[in-house]
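To keep things clear, I will list the structure first and then write my remarks on it.
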Amino acid sequence: MANRDWLEKDFYRELGVAKDASQDEIKKAYRKIARENHPDTKPGDATAEARFKAAGEAYGVLSDTEKRKEYDEARSLFAGGRFGGFGGGGGGFGGRGAGTGATGGFDVNDLFAGGGRGSGGGGLGDLLGGIFGGMGGAGTTTDPTGGMGGAGMGGGLGGTTSPRRRRGADVETEVRIDFGEAVNGATLPLRLTSPMRCGTCEGSGAKPGTTPRTCPRCGGAGLVSRSQGAFAFSEPCPDCRGTGHLVDDPCPECGGDGVSSRPRTLTIRIPAGVEDGKRIRLAGKGQPGPSGGPSGDLYVVVHVAPDAVFGRSAKNPDDLTLALPVTYPELVRGATVTVPTLEGRISLKVPPGSSAGRTLRVRGRGVKRKDATPGDLLVTLELAVPSRLSAEADEALDAYARATAGEDPRAHLMDRAEAGRREAAS
């Protein structure tokens, strides 16, 4: 798609979000549209499929911080015809009598950075090329009126005259795994229906047995020159929309886009220790670029199902957590108890005089780190209080209460509270 087409699209409106929307708001909006218009949800619905593709295209730009920044800057430059738009004549720098590129102290070459004398890098050509992958702009041209020609709108001044293929949009999907797979890692098949290079035409957009022809208007460059006042500009060819070729007999599967939506199965490797909400990037597995352009990336959001026994430490996700019920005698006298781990059972020594809520650390029984060294298992002792007592246990409890009647476990609290009141009153 040509730069002009990109700039004329409102990606924020496509996703239904404000221009100052956060990345989370953009992601939620895209996921909602993708779910409602996914080809699996509405098979055969051309309108839904178009909406699905458009949302993916918008998300591919707005989800990338740098691309979004450049997109916003580029659109603001041309908003309201600030520089005469792509074809308008008002309010810009292209009026008659502009001389050799300077108007009131403003040098148009500075805008395009590289199209003329004394220009540096980072101009408008770089800006547009950074967002859309560039279009192989032409060098400066000479206007018939004698003015200095302007730079190509596609960036890459003085470079190749053939159009550069635009990269496809990034795609995002989700996968749900159990706790053990998240801790130990897993290799899973991932089946999804998403835009991919058309298998019938191999991305050319032409019906099998035919080939696209070179655009006669631009000669395959994807750019044409246009005069505006004292300047001449190169802009995307309106006939081929900047691709440099025309498809006379479109592919019946993709309609000439070179991209079609169909089911596919990928193999994804879940790394050991992955956390809930982690995004895994599969390079080049996203939406293919039009006319055989390179594919974007596929991002897989991992959702981990909670485990009935183990948890992950908030401070260090490599450490597993376990709540272990113990009896009062085990806390008082100490004991050796059996506890579960991900690999099986182990024996754990509870020190005498332990209190409820104490956490014991078992080294090396947690999540395996990237360097192959495991985290730890954090065992928190919880006092198991029976809801009912047998007659014998009740009698024993009465005997214990009589034997410890002179001990007040809350005495130190009373003493400290009284000391605090005296200190406050003095």
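Mapping the sequence shown onto my numbering, position 262 (from 1) lands on 265, and the numbers just tick up by one. Beta carbons: idealized from backbone N, C-alpha and C, even for Gly.
Short Cβ contact (8 Å threshold) for L345 with L384: The Cβ-Cβ distance between L345 and L384 does not fall below 8 Å.
Whole-angstrom C-beta distance between K210 and D260, which should lie under 8 Å: Actually they do not touch by this definition, with Cβ atoms about 13 Å apart.
R424: first and last residue of the uninterrupted alpha helix (DSSP H) it sits in: 414 to 428
Sequence ranges, beta strand (DSSP E) only - wholly within the segment 331 to 388, length at least 3: 338 to 343, 348 to 353, 362 to 365, 380 to 386
Proximity of G276 and P309 at Cβ, strictly below 8 Å: no
Cβ neighbours of G296 in the same chain (closer than 7 Å, five flanking residues each side left out): R168, R169, R170, G171
Pairwise C-alpha distance: V307 and D181: Computed Cα separation, rounded: 6 Å.
Through-space distance from L301 to P343, alpha-carbon basis: 38 Å
Euclidean distance between Cα positions of P354 and F313: 22 Å
For E410, three-class secondary structure by DSSP: Correct three-state label for E410: coil.
Element boundaries [beta strand (DSSP E), containing G314]: From DSSP, the beta strand (DSSP E) with G314 extends over 313 to 315.
Buried/exposed call for P219, threshold 16 Cβ in 10 Å: exposed
Proximity below 8 Å, CB of D379 to CB of R361: no
contact_flag[the segment 187 to 205, the segment 261 to 271] where n(CB pairs < 8 Å) is 3 or more: yes
Candidates P332, D242, T176, of which the one nearest G225 by Cα: D242
Reference A185; option with closest CA among E278, A402, R194: E278
A402 (DSSP reduced to helix, strand or coil): helix
Boundaries of the beta strand (DSSP E) in which E278 is found, first to last residue: Run containing E278: none; DSSP gives neither H nor E here.
Distance between beta carbons of G19 and W37, contact taken as under 8 Å: This sequence places Ala at residue 37; Trp is not what is there. Actually they are not in contact, since the Cβ atoms of A37 and G19 sit about 13 Å apart, beyond 8 Å.
Per-residue DSSP class, three states only, for L2: Limits of the chain in this structure are 4 at one end and 429 at the other, which puts residue 2 out of reach.
For L323 and V370, believed in contact at Cβ under 8 Å, the rounded distance: 7 Å
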